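My numbering applies: residue 144 is where the sequence shown begins, and numbers increase by one.
For every residue, glycine included, the Cβ atom is placed at its ideal position computed from N, Cα and C.
What you are looking at is a predicted structure, and each value in this text was computed from that prediction instead of being measured.
Let me begin by presenting the structure, written as structure tokens, before commenting on it.
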Amino acid sequence: MRGIVLEWRKNVKESEGAFRIKAEKKDGEMKIVIGNDHAALEMKREIAEYLKGKGIEVLNVGTDSPERYPYPLAGYHVAKTVAEGGADCGIAICGTGIGISLAANKVPGIRAFACSEPYSSEMAKRHNNANVLCFGARVVGTELAKRIVDAWLNAEFEGGRHKERVDMITELERNGRLEENRL
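What follows is the structure, encoded as structure tokens:
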């Protein structure tokens with residue numbers, strides 16, 4: 144089992160909150176916030192235990208009740224925690240992963256993505272420096288969810304031309320538009 148080391152790059156001009164995750168872990172160094180709606184209660188519990196088993200600190204901001212709980216709230220709480228530096232990255236789970244990712248992406252500085260297989264999860268980190276992973280408890284089973292999580296956590300942001308594109312996303316977020324001369 145490979146471990147994880149988080150490198151937090153503070154004061155990065157174009158991409159605040161950019162981080163890279165490497166394949167060694169120093170105990171106690173990583174904290175992941177996890178949140179869910181009612182549809183993902185059991186999946187959240189299983190993924191949280193899986194992460195704890197890897198020595199990762201898990202902060203639960205989701206519901207622990209089977210009663211109806213709106214996915215926009217869960218996505219917001221995960222995203223806000225990451226954006227404010229309360230966790231290194233986040234995992235948000237609802238029925239499909241779609242609605243919770245839409246909500247999380249409304250928080251400035253968040254690059255959330257909905258995912259249902261490991262390759263896209265890895266590429267979301269390598270090319271987009273994604274900081275919130277979202278998936279659906281009704282879409283993926285527990286073992287596949289673990290593979291998706293591992294692919295994301297073990298990937299490293301490549302920077303270079305990808306950093307330029309992430310910077311464009313940040314510019315769009317800040318200004319509501321992109322300058323055409325960036326093409």
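On a Cα-Cα basis, can you pick out the residue from His220, Leu276 and Pro251 that is closest to tyrosine 262? Counting from one through the sequence shown, the residue named residue 262 turns up at place 119. When only C-alpha atoms are compared, the closest one is Leu276.
Between the region 214-228 and the region 241-249, are three or more C-beta pairs nearer than 8 Å? yes
Helix, strand or coil: how does DSSP classify alanine 183 here? By 1-based counting over the sequence shown, the position of residue 183 is 40. Alanine 183: helix per DSSP, three-state reduction.
With DSSP run on the structure shown, which of helix, strand or coil describes lysine 174? Taking the sequence shown and counting its residues from 1, the one referred to as residue 174 is at position 31. Reduced to three states, the DSSP call for lysine 174 is strand.
For threonine 224 versus alanine 230, is the C-beta distance shorter than 7 Å? Translated into the one-based positions of the sequence shown, residue 224 becomes position 81. Translated into the one-based positions of the sequence shown, residue 230 becomes position 87. It is a contact, given that the beta carbons lie within the stated cut-off.
What number of angstroms, rounded off, separates the C-alpha of asparagine 274 from the C-alpha of serine 264? Locating residue 274 in the sequence shown gives position 131, counting from the first residue. Locating residue 264 in the sequence shown gives position 121, counting from the first residue. Answer to the nearest angstrom: the Cα atoms are 11 Å apart.
Determine, using beta carbons only, whether isoleucine 199 and lysine 187 come nearer to each other than 7 Å. Residue numbering aside, residue 199 sits at position 56 when the sequence shown is read from its first letter. Residue numbering aside, residue 187 sits at position 44 when the sequence shown is read from its first letter. The answer is no: Cβ separation not under 7 Å.
Quick test of your reading: alanine 226 and proline 251, contact by CB under 8 Å. State the CB separation rounded to the nearest angstrom. As a working note, residue 226 is residue 83 in the sequence shown. As a working note, residue 251 is residue 108 in the sequence shown. Confirmed, Cβ separation roughly 6 Å.
Quick one: grab the DSSP three-state call for threonine 285. Residue numbering aside, residue 285 sits at position 142 when the sequence shown is read from its first letter. If DSSP states are grouped into helix, strand and coil, threonine 285 belongs with the helices.
Where does alanine 166 land, buried or exposed, given buried means 16+ other C-beta within 10 angstroms? Stepping through the sequence shown from its first residue, residue 166 is reached at position 23. Summary for alanine 166: the model assigns pLDDT 32, below 50, so the residue's position carries little reliability; its value from the coordinates is reported in the next sentence. Alanine 166 comes out exposed.
Could you tell me which residues DSSP pairs with cysteine 277 in its beta bridges? Here residue 277 refers to the residue found at position 134 when the sequence shown is read from its first residue. For cysteine 277, which the question treats as bridged, DSSP gives the partners Ala235 and Ala257.
Tell me the rounded alpha-carbon separation between arginine 320 and glutamate 314. Position 177 of the sequence shown, counted from the start, is the residue given in the question as residue 320. Position 171 of the sequence shown, counted from the start, is the residue given in the question as residue 314. Between the alpha carbons of arginine 320 and glutamate 314 lies a distance of about 7 Å.
Compare the Cα-Cα distances from isoleucine 175 to each of Glu286, Ile234 and Glu322 and report the closest residue. Stepping through the sequence shown from its first residue, residue 175 is reached at position 32. For isoleucine 175, the nearest C-alpha among the options comes from Ile234.
I'd like to confirm something about methionine 311: is its beta-carbon nearer than 6 Å to some heavy atom of the ligand GDP, or not? Absence of the ligand GDP is noted for the structure shown, with no ligands found whatsoever.
Extent of the continuous alpha helix (DSSP H) to which valine 225 belongs: Numbered from its first residue, the sequence shown carries residue 225 at position 82. That run of the alpha helix (DSSP H) goes 214-226.
What residues in its chain sit with their C-beta under 8 Å from that of glutamate 301, if we drop five residues either side in the sequence? The count along the sequence shown starts at 1 and reaches residue 301 at position 158. Within the same chain, glutamate 301 has close Cβ partners Arg269 and His270.
List the whole-angstrom C-beta distance separating asparagine 179 from glycine 205, where the pair is believed to meet the contact cut-off of C-beta under 8 Å. On the sequence shown, position 36 is the one that residue 179 refers to. On the sequence shown, position 62 is the one that residue 205 refers to. Confirmed, about 4 Å.
Bounding residues of the alpha helix (DSSP H) (the contiguous stretch that carries valine 309): The residue given as residue 309 occupies position 166 in the sequence shown. Where valine 309 is concerned, the enclosing alpha helix (DSSP H) stretches over 304-318.
When the distance is taken between beta carbons, is isoleucine 253 closer than 7 Å to alanine 222? Position 79 of the sequence shown holds residue 222. Position 110 of the sequence shown holds residue 253. Closer than 7 Å, so yes.
Do the CB positions of alanine 182 and cysteine 232 come within less than 7 Å of each other? Counting from one through the sequence shown, the residue named residue 182 turns up at place 39. Counting from one through the sequence shown, the residue named residue 232 turns up at place 89. Contact: no.
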